[in-house]
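Asks: One structure follows; several queries about it will come next.
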Amino acid sequence: MTEPESTSRCDSPLLQAFVDNRLILVKIAARITGCRSRAEDVVQDAFFRLQSAPKITSSFKAQLSYLFQIVRNLAIDHYRKQVLEKKYSGTEEEGLNVVIHGASPETSHINFSTLENIANALGELPSRTRYAFEMYRLHGVPQKDIAKELGVSPTLVNFMIRDALVHCRKVSDKRSDTACRR
Numbered sequence: 001m002t003e004p005e006s007t008s009r010c011d012s013p014l015l016q017a018f019v020d021n022r023l024i025l026v027k028i029a030a031r032i033t034g035c036r037s038r039a040e041d042v043v044q045d046a047f048f049r050l051q052s053a054p055k056i057t058s059s060f061k062a063q064l065s066y067l068f069q070i071v072r073n074l075a076i077d078h079y080r081k082q083v084l085e086k087k088y089s090g091t092e093e094e095g096l097n098v099v100i101h102g103a104s105p106e107t108s109h110i111n112f113s114t115l116e117n118i119a120n121a122l123g124e125l126p127s128r129t130r131y132a133f134e135m136y137r138l139h140g141v142p143q144k145d146i147a148k149e150l151g152v153s154p155t156l157v158n159f160m161i162r163d164a165l166v167h168c169r170k171v172s173d174k175r176s177d178t179a180c181r182r
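Note that the sequence shown covers residues 1 to 182 in UniProt numbering.
What follows is the structure, encoded as structure tokens:
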């Protein structure tokens, strides 16, 4: 697959040399990175760097050497970064088997106990308040939609959610205080 030649002219002879020799630059970068799409990224990086570079008015051969060196250095940097990332990354299965520090049976029990306390506290609330709280906090339904569904004002829904949250905190704090005293 060949790319069409660029018909537009660049304002800098160096950028024009870059555009004219882009395919060669991609091939150079691909040899280092081992991947054509990564090589395209490297060449694009080089182009952006060249746009902010000072104007170079040296011979055409010197400009090409300069371009090749820039692309080569960027490709090597990219390759080193890629190797480092591979060194510290793993498969999804490895991630699933990572031990979570602080996930002791005691911590798990405390977390499940807290969730039970909150569930019991929600059970003590009026059904409409509990419904508004669960829809907003657990399902992410906007308060205005809950208000329409319940046939009340959005302000009232806001107060119901706040009251439910305050009640859950009170019950949770009360139960945790009694557990600490034991």
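In this text, a Cβ means the ideal position worked out from N, Cα and C, and glycines have one as well. Please read all numbers here as calculations on a predicted model, not as lab measurements.
Cα separation between Ala-147 and His-109?
Replies: The residue labelled residue 147 in the question sits at position 147 within the sequence shown. The residue labelled residue 109 in the question sits at position 109 within the sequence shown. Their Cα atoms are separated by approximately 36 Å.
Asks: Taking Arg-22 as the reference, which of Cys-35, Val-43, Pro-13 has the closest Cα?
Replies: Counting from 1 along the sequence shown, the entry for residue 22 is found at position 22. Out of Cys-35, Val-43, Pro-13, Val-43 has the C-alpha closest to the C-alpha of Arg-22.
Asks: Could you give the DSSP three-state label for Ile-161: helix, strand or coil?
Replies: Counting from 1 along the sequence shown, the entry for residue 161 is found at position 161. Ile-161 falls in the helix class under three-state DSSP.
Asks: Please report the residue range of the alpha helix (DSSP H) in which Pro-105 lies.
Replies: Against the sequence shown, residue 105 aligns to sequence position 105. Taken as a continuous stretch (DSSP letters only), the alpha helix (DSSP H) holding Pro-105 covers 105-124.
Asks: Could you tell me how far apart the beta carbons of Ala-46 and Ala-39 are, in whole angstroms, since I believe they sit closer than 8 Å?
Replies: Residue mapping note: residue 46 aligns to position 46 of the sequence shown, counting from 1. Residue mapping note: residue 39 aligns to position 39 of the sequence shown, counting from 1. Incorrect: roughly 11 Å between the Cβ atoms, too far for contact.
Asks: I'd like the ranges of any alpha helix (DSSP H) spanning at least 4 consecutive residues and lying wholly in the UniProt domain "RNA polymerase sigma-70 region 2" (24-82).
Replies: With a minimum length of 4 residues, the continuous alpha helix (DSSP H) runs that stay inside the UniProt domain "RNA polymerase sigma-70 region 2" (24-82) are 36-51.
Asks: Using a Cβ-Cβ cutoff of less than 8 Å, which residues in the same chain neighbour Ser-6 once the five nearest sequence positions on both sides are dropped?
Replies: On the sequence shown, position 6 is the one that residue 6 refers to. The predicted model places Ser-6 with a pLDDT of 49, which falls under 50 and marks its position as unreliable, so this point remains unresolved.
Asks: Please confirm whether Leu-64 and Ala-103 have their CB atoms less than 8 Å apart.
Replies: Taking the sequence shown and counting its residues from 1, one reaches residue 64 at position 64. Taking the sequence shown and counting its residues from 1, one reaches residue 103 at position 103. The answer is no: Cβ separation not under 8 Å.
Asks: Run through DSSP, which three-state label would Leu-150 get?
Replies: Sequence index remark: in the sequence shown, residue 150 carries index 150 (1-based). Three-state DSSP puts Leu-150 in a helix.
Asks: Hey, how far is the Cα of Val-83 from the Cα of Pro-13?
Replies: Residue 83 sits at position 83 when you count from the first residue of the sequence shown. Residue 13 sits at position 13 when you count from the first residue of the sequence shown. Approximately 35 Å between the Cα atoms of the pair.
Asks: Throw me the rounded Cβ distance for the Val-71 and Leu-25 pair, which I believe falls under 8 Å.
Replies: As a working note, residue 71 is residue 71 in the sequence shown. As a working note, residue 25 is residue 25 in the sequence shown. Between Leu-25 and Val-71 the Cβ distance is about 5 Å, and since that is below 8 Å, they are a contact.
Asks: Is it buried or exposed, Tyr-88, if we count other Cβ atoms within 10 angstroms and call 16 or more buried?
Replies: If you number the sequence shown from 1, residue 88 lands on position 88. By the neighbour-count rule (16 or more Cβ atoms within 10 Å), Tyr-88 is not buried but exposed.
Asks: If you compare alpha carbons, which of Ala-75, Ser-37, Arg-49 is closest to Ile-28?
Replies: Indexing the sequence shown from 1 puts residue 28 at position 28. Among Ala-75, Ser-37, Arg-49, the Cα nearest to that of Ile-28 is on Ala-75.
Asks: Does DSSP classify Val-99 as helix, strand or coil?
Replies: Reading the sequence shown from its first residue, position 99 is the one you call residue 99. Coil at Val-99, not helix or strand.
Asks: Can we say the region 114-125 touches the region 161-171, given the rule of at least three CB pairs closer than 8 Å?
Replies: Yes: at least three Cβ pairs fall under 8 Å.
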